[in-house]
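See below for the structure under consideration.
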Amino acid sequence: MRISELSRQTGATPRALRYYEEQGLLRPARRSSGYRDYDARAVQTVRHIQLLLSAGLGTTAIGEILPCIVDGTTVLAPTCPELLDALAEERSRITKSMAKLAEARGILDQLIGARANPR
DNA sequence: GTTCTAACA
DNA sequence: TGTTAGTA
């Protein structure tokens, strides 16, 4: 299928799909016309990319994790250690971010003279 | 009409 | 990422 079709099936813009390729996340074949030619598998791959992206992982991390994903239905399977490793790393990153945000909120609470949980 | 690459009022 | 330009 061509880029517009994959875009339609995944919701990713053609621009994003080309970007994923630049990052080595996708390797579509090329037609004699120069147009990218994606196989059906690409749909699943893009969904995996979107999932990992929404988890806060960067394209470089995703590039390392992607090959560890089993061609199951929707989600991924913690196969190789690299995957668990990268995911655990990202998780601790998030935990640290949450701590900083909580601090920032605490300061704002004082400045505002607010109660514990002002939305 | 669609896609491609490259580049940025 | 969007978007636009100039092509193939």
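Residue numbers (the UniProt record's numbering): 1 to 119.
For each residue, glycine too, the CB sits at the ideal point set by N, CA and C.
All of these numbers come straight from a predicted model, not from anything done at the bench.
Other residues of its chain near residue i: CB distance less than 6 Å, five sequence neighbours each side excluded
{"i": "residue 29", "result": "37"}
{"i": "residue 31", "result": "37"}
{"i": "residue 2", "result": "35"}
{"i": "residue 26", "result": "20"}
{"i": "residue 57", "result": "90"}
{"i": "residue 23", "result": "59"}
Close-in-space but distant-in-sequence residues of the same chain around residue i (CB under 7 Å, 5 per side omitted)
{"i": "residue 7", "result": "13, 14, 17"}
{"i": "residue 68", "result": "79, 80, 82, 83"}
{"i": "residue 4", "result": "14"}
{"i": "residue 55", "result": "90"}
Status (buried if at least 16 other CB within 10 Å, exposed otherwise) for residue i
{"i": "residue 84", "result": "exposed"}
{"i": "residue 62", "result": "buried"}
{"i": "residue 88", "result": "exposed"}
{"i": "residue 52", "result": "buried"}
8 Å Cβ cutoff met for residue i and residue j
{"i": "residue 20", "j": "residue 49", "result": "yes"}
{"i": "residue 10", "j": "residue 47", "result": "yes"}
Where residue i falls: helix, strand or coil (DSSP)
{"i": "residue 55", "result": "coil"}
{"i": "residue 109", "result": "helix"}
{"i": "residue 50", "result": "helix"}
{"i": "residue 63", "result": "helix"}
{"i": "residue 13", "result": "coil"}
{"i": "residue 98", "result": "helix"}
{"i": "residue 44", "result": "helix"}
{"i": "residue 69", "result": "coil"}
{"i": "residue 2", "result": "coil"}
Per DSSP, cross-strand counterpart(s) of residue i
{"i": "residue 37", "result": "29"}
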